[in-house]
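**Student:** So the sequence shown is numbered by the numbering used here: it starts at 33 and just counts up by one. Think of the CB as a built atom: it goes at the ideal place given N, C-alpha and C, for glycine as much as any other residue. The structure presented is a predicted model; accordingly, all values stated were derived computationally and were not measured. Below: one structure in structure tokens.
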Amino acid sequence: MNFFTIPAIALILPATASTLEWTAVREPGVGGAVTAIVVNPANPSQIIASGDMLGPSVSNDGGESWLDTFGLKNWECAEAIWKPGSKTEVWLGTMGGIYKSTDGGKNWTEKRNGLPAPESYWGYNVPIQKILFDPNQPSRMLAFGGSRRKWVNMKYADARYGAVWESTDSGETWKLKSVIHSNNKGVGGDVQSATFAAGSNQIIFVSVRDQGIFRSDDSGATWILKNQGIANGLVDTVATHPADPKILWCSMAAGRCGVFKSTDGGETWTASGDGLSADPANDHFCSKISVSRSNPDVLYVADSNWQQLFRSGDAGVHWSNITDKRMPAVPTGLGFQGNWIEIDPLDANTVYTCNSVHIFKTTNGGETWMETTSKPGKTPDTWQGRGFSGYVPMKAKWNPYQPSQLVLMAMDDGKFMTSTDMTDWHMHGPTLSGWGGGIDVTFAADGKTLYAAFGQDGWEQQIAGSKDGGLHWTILSCPGKGMSSSLCTLPQDSSKLWFVRGGKLHYSADAGDSWKKIDVGDGDLMEIEASSGSAPVLYITARTGIYRGSPANDFKKLVNIESAESNHIAIDPSDPERFWVASWKYNQYHSGIWRYNHGDWKRVRQDEYAYDVAVDPADSNRVIYVTNHNPGVEHSQATGVWMTESALAENPEWIQQNSGLPMLRGTCITFNPNKSGEIIVGLNGRGFYKSSVIESP
Numbered sequence: 033m034n035f036f037t038i039p040a041i042a043l044i045l046p047a048t049a050s051t052l053e054w055t056a057v058r059e060p061g062v063g064g065a066v067t068a069i070v071v072n073p074a075n076p077s078q079i080i081a082s083g084d085m086l087g088p089s090v091s092n093d094g095g096e097s098w099l100d101t102f103g104l105k106n107w108e109c110a111e112a113i114w115k116p117g118s119k120t121e122v123w124l125g126t127m128g129g130i131y132k133s134t135d136g137g138k139n140w141t142e143k144r145n146g147l148p149a150p151e152s153y154w155g156y157n158v159p160i161q162k163i164l165f166d167p168n169q170p171s172r173m174l175a176f177g178g179s180r181r182k183w184v185n186m187k188y189a190d191a192r193y194g195a196v197w198e199s200t201d202s203g204e205t206w207k208l209k210s211v212i213h214s215n216n217k218g219v220g221g222d223v224q225s226a227t228f229a230a231g232s233n234q235i236i237f238v239s240v241r242d243q244g245i246f247r248s249d250d251s252g253a254t255w256i257l258k259n260q261g262i263a264n265g266l267v268d269t270v271a272t273h274p275a276d277p278k279i280l281w282c283s284m285a286a287g288r289c290g291v292f293k294s295t296d297g298g299e300t301w302t303a304s305g306d307g308l309s310a311d312p313a314n315d316h317f318c319s320k321i322s323v324s325r326s327n328p329d330v331l332y333v334a335d336s337n338w339q340q341l342f343r344s345g346d347a348g349v350h351w352s353n354i355t356d357k358r359m360p361a362v363p364t365g366l367g368f369q370g371n372w373i374e375i376d377p378l379d380a381n382t383v384y385t386c387n388s389v390h391i392f393k394t395t396n397g398g399e400t401w402m403e404t405t406s407k408p409g410k411t412p413d414t415w416q417g418r419g420f421s422g423y424v425p426m427k428a429k430w431n432p433y434q435p436s437q438l439v440l441m442a443m444d445d446g447k448f449m450t451s452t453d454m455t456d457w458h459m460h461g462p463t464l465s466g467w468g469g470g471i472d473v474t475f476a477a478d479g480k481t482l483y484a485a486f487g488q489d490g491w492e493q494q495i496a497g498s499k500d501g502g503l504h505w506t507i508l509s510c511p512g513k514g515m516s517s518s519l520c521t522l523p524q525d526s527s528k529l530w531f532v533r534g535g536k537l538h539y540s541a542d543a544g545d546s547w548k549k550i551d552v553g554d555g556d557l558m559e560i561e562a563s564s565g566s567a568p569v570l571y572i573t574a575r576t577g578i579y580r581g582s583p584a585n586d587f588k589k590l591v592n593i594e595s596a597e598s599n600h601i602a603i604d605p606s607d608p609e610r611f612w613v614a615s616w617k618y619n620q621y622h623s624g625i626w627r628y629n630h631g632d633w634k635r636v637r638q639d640e641y642a643y644d645v646a647v648d649p650a651d652s653n654r655v656i657y658v659t660n661h662n663p664g665v666e667h668s669q670a671t672g673v674w675m676t677e678s679a680l681a682e683n684p685e686w687i688q689q690n691s692g693l694p695m696l697r698g699t700c701i702t703f704n705p706n707k708s709g710e711i712i713v714g715l716n717g718r719g720f721y722k723s724s725v726i727e728s729p
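Right, dumping it as structure tokens:
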């Protein structure tokens, strides 16, 4: 919480209900792992891009802009497929089964009839990596169990990965046809790709993680391993010639040669990777290989280990690097990587590829590239988004002392983004590494000095200070061990800092040069916030309660909570003796929204998935919260955003406010302290969205 002055508030109930309409903030870069890009053969301007936690997004203009999508209950997505000849019907595989859209991918409907019942609490049991239409009978479809992103929290091992599901009524009902495996235990393999042989609806090839290439000669009823000539079976994807059923290629997930080719329908394979290796002495992970439908002599493949893309113009005999010194300007530093490669079905020179941050496009066979999720801003060294964000937000805060400045922090490459108009964005700053995630930010009263905490699992935990609003940084000492979770300063005395790491509280009186550990009485602390005013109160959430203290570090437990997974606090700026807590845990009997009001501690909303909460600085009766249900389940139980305008009533009335939200699970929510009713919410895998309160007549 930051320090600012607001007028006294009349604590009355609103005469009218308010509504929220959410729109994308459009921060630069996709910011999440894109798992597939699919171009519609009937209209190559139509594209579906999907991601591992971010769901699908639609472009109708070849990647110039992206649209939100709605209707999913699971956003861990794999590959889409357009119904042959259709401009409107598209199907999507997810870790939660199969979805269908009849409006070009904007709205989705689950198609699960005949599949196992969905998991709503924990685990996946119908992962779908790939869907195929029978080329001779479009009402017949096959769906293959797998996950290129290696999601592993499977509820059941048997007949899930490796499962082949069949529909003969255009996807309305499904039944299990077979299970692909080579271990004779009935446990299926993780299918990475699947394709019909040219001109056949009987011969199908699939690649299975760590096992190799399987072929079916009876349209998916039985399967035979076809690895002769492939040394280790560590195949990533398989691709077939569009006209010759005997010719196919596969890319390798490890080894010295990245591509193998078969000219006898998969019976034997030979190395076909001349020119691929960036370093012939080391392993190379060649991810998805793609063959041009319009010119089958043209192939593309990516070496993900070396962030290189390669093109062949002679059916895979020779390859040339099409990324060296051709990297386009991007807001972040991650290179091509090439999680996926998609060729325009009508143009062998128009290609899309992606990584965990960007989607790239070339229209000249790799001579030049553009980045399709970002573009340069109007001011120097800034960037704009194009509408498809997959960031996992950690924090959104407006600077109370520089009213137009908004700071967004997210995992991975979204560690620090700042804007004064929510259009042009500065990214990171040159003294920060380009990866590792952002945790929290706190502001000083001069409007320019701020401190931020960075880090996530597997990355270095850091504290940094900036004197120019986050454009340049100085790395400070970082006390303690474990994961960082919260950072707080006193705006009128920014030499004082409090930092929570690994559940412990640390204090600095010299702007982070040195630290000492403060014993609060609890070893599982979470979030620290300070009230406004000349005599600030410090509150710290812990797993089992809320602590209250002062800048003198005299903390005492104020209220008890029954062992929450997390507790996020929102202090009323008009009254330091009043705050709300979102207590999030898988325990419906104690979780929800709690209100502390001058000694009165009461749960005012029962909600197992209430995750973060905020109070409008201009109206203490207006409180908003967002729910979260982390990835790992087929049907998310998160219900989006809820708001009350009677927060101080005995029993506040809560209204769901999800219009425009493409995802219903969130991680952070905040009001603008400088503009009444303006709100930012962070969606767990879909970036940041904004809204303003609109009072109904």
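Going by DSSP, what residues sit across from residue 644 in a beta bridge?
**Tutor:** In DSSP, residue 644 forms a bridge with 658.
**Student:** Could you check what DSSP says for residue 322 in three-state terms: helix, strand or coil?
**Tutor:** DSSP places residue 322 in strand when its eight states are reduced to three.
**Student:** In or out: residue 184 buried (at least 16 other Cβ within 10 Å) or exposed?
**Tutor:** It counts as exposed.
**Student:** In chain order, what residues of the same chain have a beta carbon less than 6 Å from the beta carbon of residue 768, not counting five sequence neighbours either side?
**Tutor:** Since the displayed the chain opens at 33 and closes at 729, residue 768 lies outside it and no answer follows.
**Student:** On a Cα-Cα basis, can you pick out the residue from 164, 475 and 160 that is closest to residue 178?
**Tutor:** Here the closest residue by C-alpha is 160.
**Student:** What residues match up with residue 482 in a beta bridge as DSSP calls it?
**Tutor:** According to DSSP, residue 482 bridges with 475 and 498.
**Student:** Can you tell me the Cα-Cα spacing of residue 712 and residue 152, whole angstroms?
**Tutor:** Cα-Cα distance, rounded: 28 Å.
**Student:** Can you round the beta-carbon distance between residue 64 and residue 86 to whole angstroms, since I take them to be within the 8 Å contact cut?
**Tutor:** Indeed, because the Cβ distance is near 4 Å, the residues count as touching under 8 Å.
**Student:** Which two residues bound the contiguous beta strand (DSSP E) that contains residue 54?
**Tutor:** Where residue 54 is concerned, there is no enclosing beta strand (DSSP E), given that its DSSP letter is neither H nor E.
**Student:** How would you call residue 775, buried or exposed, if buried means at least 16 neighbouring beta carbons within 10 angstroms?
**Tutor:** Lying outside 33 to 729, the shown extent of the chain, residue 775 is not represented and no answer is given.
**Student:** Residue 86: beta carbon under 7 Å from a heavy atom of the ligand FAD?
**Tutor:** Because no ligand of any kind appears in the structure shown, any question about the ligand FAD cannot be addressed here.
**Student:** Whole angstroms is fine: what's the gap from residue 294's alpha carbon to residue 126's?
**Tutor:** If I take the Cα positions, the gap works out to 30 Å.
**Student:** Which residue's Cα is closest to the Cα of residue 374: 394, 693 and 388?
**Tutor:** Considering only alpha carbons, the answer is 394.
**Student:** Given 8 Å as the limit, is there contact between the stretch 470-478 and the stretch 415-431, that is, 3 or more CB pairs closer than that?
**Tutor:** Cβ pair count under 8 Å is three or more, so yes.
**Student:** Quick check on DSSP: helix, strand or coil for residue 715?
**Tutor:** It is a strand residue.
**Student:** Start and end of the beta strand (DSSP E) containing residue 351?
**Tutor:** First-last for residue 351: undefined, no H or E at that position.
**Student:** What distance in whole Å lies between the Cβ atoms of residue 248 and residue 236, which are believed to be in contact at a cut-off of 8 Å?
**Tutor:** Between residue 248 and residue 236 the Cβ distance is about 5 Å, and since that is below 8 Å, they are a contact.
**Student:** Taking the continuous beta strand (DSSP E) assigned at residue 282, which residues delimit it?
**Tutor:** Here the beta strand (DSSP E) through residue 282 covers 280-284.
**Student:** Quick one, are the C-beta atoms of residue 697 and residue 668 less than 8 Å apart?
**Tutor:** Yes, these two residues count as a Cβ contact at 8 Å.
**Student:** Does the beta-carbon of residue 171 have 16 or more other beta-carbons within 10 angstroms, so that it is buried, or is it exposed?
**Tutor:** That one is exposed.
**Student:** So what's residue 626 in DSSP terms, helix, strand or just coil?
**Tutor:** Residue state, collapsed to three classes: strand.
**Student:** In chain order, what residues of the same chain have a beta carbon less than 8 Å from the beta carbon of residue 400, not counting five sequence neighbours either side?
**Tutor:** These residues qualify, in order along the chain: 358, 360 and 394.
**Student:** State buried or exposed for residue 154, treating a residue as buried only when at least 16 other CB atoms are found within 10 Å of its CB.
**Tutor:** Looking at its Cβ environment, which holds fewer than 16 other Cβ atoms inside 10 Å, residue 154 is exposed.
**Student:** Return yes when the Cβ of residue 320 is within less than 8 Å of the Cβ of residue 269, no when it is not.
**Tutor:** A contact, by the Cβ cut-off of 8 Å.
**Student:** When you compare only the Cα positions, how much space is there between residue 44 and residue 481?
**Tutor:** Its pLDDT being 40, under 50, residue 44 is placed unreliably by the model, and nothing is read from it.
**Student:** So, helix, strand or coil for residue 9, using DSSP?
**Tutor:** Because residue 9 is not part of the residues shown, which for the chain are 33 to 729, the question remains open.
**Student:** With a threshold of 8 Å between beta-carbons, can residue 467 be considered close to chain B, or not?
**Tutor:** Among the chains in the structure shown there is no chain B, since it carries only a single protein chain.
**Student:** Taking the beta strand (DSSP E) that residue 83 falls in, what are its first and last residues?
**Tutor:** From DSSP, the beta strand (DSSP E) with residue 83 extends over 75-83.
**Student:** With a CB to CB cut of under 7 Å and the five nearest residues on each side skipped, what residues in its chain are close to residue 302?
**Tutor:** The answer, listed in chain order, is 261, 292 and 293.
**Student:** Can you tell me which of 106, 61, 458 and 124 puts its alpha carbon nearest to the alpha carbon of residue 69?
**Tutor:** Per the Cα distances, 124.
**Student:** Who does residue 632 pair with in a DSSP beta bridge?
**Tutor:** Note: residue 632 sits in a beta bridge opposite 629.
**Student:** How do the stretch 373-389 and the stretch 681-697 stand: do at least 3 beta-carbon pairs fall below 8 Å, yes or no?
**Tutor:** Touching, no, given that fewer than three Cβ pairs across the two stretches are closer than 8 Å.
**Student:** Under the rule that 16 or more other beta-carbon atoms within 10 Å means buried, what is residue 131, buried or exposed?
**Tutor:** Burial call: buried.
**Student:** For residue 40, collect the residues of the same chain with a Cβ closer than 6 Å to its Cβ; drop the 5 residues on either side in sequence, then sort them by chain order.
**Tutor:** Only weak support exists for where residue 40 lies, its pLDDT of 34 falling under 50; the value from the coordinates is given anyway. There are no such residues.
**Student:** Given that a residue counts as buried once 16 or more other Cβ atoms are within 10 Å of its Cβ, and exposed if not, what is residue 340?
**Tutor:** Classification of residue 340: buried, given that the 10 Å Cβ count is 16 or more.
**Student:** Rounded to a whole number of angstroms, what is the C-alpha to C-alpha distance between residue 36 and residue 562?
**Tutor:** Confidence in residue 36 is poor, its pLDDT being 35 and thus under 50, which makes the residue's placement too unreliable to answer from.
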